[in-house]
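Trainee: Have a look at the structure that comes next, please.
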Amino acid sequence: MSIINPLKKKLSVALIQLKTTANKEQNLRAVANQIQKAISARSNVDLVVLPECFNSPYSVKEFANYAEPIPNGETTKFLSKQAADHGIFIVGGSFPERGDDDKIYNTSLTFDRKGEIIAKHRKVHLFDIDIPGGITFKESVSLSAGNKATVFDSGEFGKVGIGICYDVRFPELAILAARKHNAGIMIYPGAFNTVTGPLHWELLARSRAVDNQIFVILCSPARDLDFSYHAYGHSLVVDPSGNVIAEAGEGEEIVYADLDPSLLESARAGIPVTTQRRYDIYPDISEASKVSAK
Ligand SMILES: NC(=O)CC(=O)C(=O)O
């Protein structure tokens, strides 16, 4: 049985883990500086990834104050220009979007080398959790959920799926991207915290990678203990065998990695689950689990 390798060529990525302040202009300037730094350090960078909510505080009280329309808002124009000026792909983390329906979404835009928007993902699963003695957060207080899975075709290195943070806890998005659309990479801008991060951040990234034998990228803000929300940090890249091939600490840092198609090929050749699935036994698994959750 021949191996399907969705990754068309080696891809050099840079994940920008930076602190977010309450000042949007300052945040955008910091992103521009960090992109410049990444390009200067590694001239072959193809794709830059930014964290969830990189232009605003991660706070349900603040999302509406920072929300912008797409594509005519300041942050969209800024990201487009960065991508075009440097001739790189950018997965633009996420920022609060004010939709045409006046609702607020947590939205990630992806730009190609010419600065064109090639993907728009609105966080599908809102982060509503309550861990007594740990953390309570309810994005649904001020955000609305997106209603579609997102995969883009880079045209150069194959297809890529996008999720935002809490979306990584739901394997279905990555399964759809990898198995229905043949994506070789899943990218999640995310902002786990100091309670859930140590428990699940790396575990979930490695799980999504091994489930689908794809590369998985998670990009977080840097930790800032002066803010109400303490981001976990630890932006990382996982290969299709589940190995963490690059990882940041907690502070500001740029993580570099080369995504090598041969790693995907050897993972799928050695443990050929892609060709061994028994769809006769688990047709439409999501529908089945919906019934049992009632
Ligand atoms: N911030 C999130 O959306 C998700 C998160 O922190 C978690 O799942 O834990």
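Residue numbers (my numbering): 742 to 1035.
For each residue, glycine too, the CB sits at the ideal point set by N, CA and C.
Because the structure is a prediction, the values reported are computed rather than measured.
(1) Using the beta-carbon count (16 or more within 10 Å), is Ile829 buried or exposed?
(2) Cβ of Gly983 versus every heavy atom of ligand 1: is any distance shorter than 7 Å?
(3) Whole angstroms is fine: what's the gap from Val772's alpha carbon to Leu759's?
(4) Is it the case that the Cβ atoms of Thr891 and His866 are separated by a distance below 8 Å?
(5) By the 10 Å Cβ neighbour count, where 16 or more other Cβ atoms means buried, how is Lys921 classified, buried or exposed?
(6) Considering only C-alpha positions, which residue in the set Ile780, Leu748, Pro1013, Gly874 is nearest to Leu756?
(7) Could you give the distance in angstroms between the alpha-carbon of Asp869 and the alpha-carbon of Thr877?
(8) Would the beta-carbon of Pro1013 fall within 8 Å of that of Leu748?
(9) Looking at Gly974 and Ala989, is the spacing between their C-beta atoms short of 8 Å?
(10) Would the region 958 to 977 and the region 881 to 898 be scored as touching if the rule is three or more Cβ pairs under 8 Å?
(11) For Lys1035 and Glu1028, I'd like the C-alpha separation in whole angstroms.
(12) Helix, strand or coil, according to DSSP, for Asp787 in the structure here?
(13) Is Gly931 near ligand 1, in the sense that its beta carbon is under 7 Å from a heavy atom of that ligand?
(14) Taking all protein chains shown into account, decide if Glu838 is buried (16 or more other Cβ within 10 angstroms of its Cβ) or exposed.
Mentor: Inspection of the coordinates gives the following:
(1) buried
(2) no
(3) 8 Å
(4) Note that the C-beta distance between Thr891 and His866 is not below 8 Å.
(5) exposed
(6) Ile780
(7) 8 Å
(8) no
(9) yes
(10) no
(11) With a pLDDT of only 49 at Lys1035, under the threshold of 50, the placement of this residue in the model should not be trusted; the figure read from the coordinates follows. The alpha-carbon atoms of Lys1035 and Glu1028 are separated by roughly 12 Å.
(12) coil
(13) yes
(14) buried
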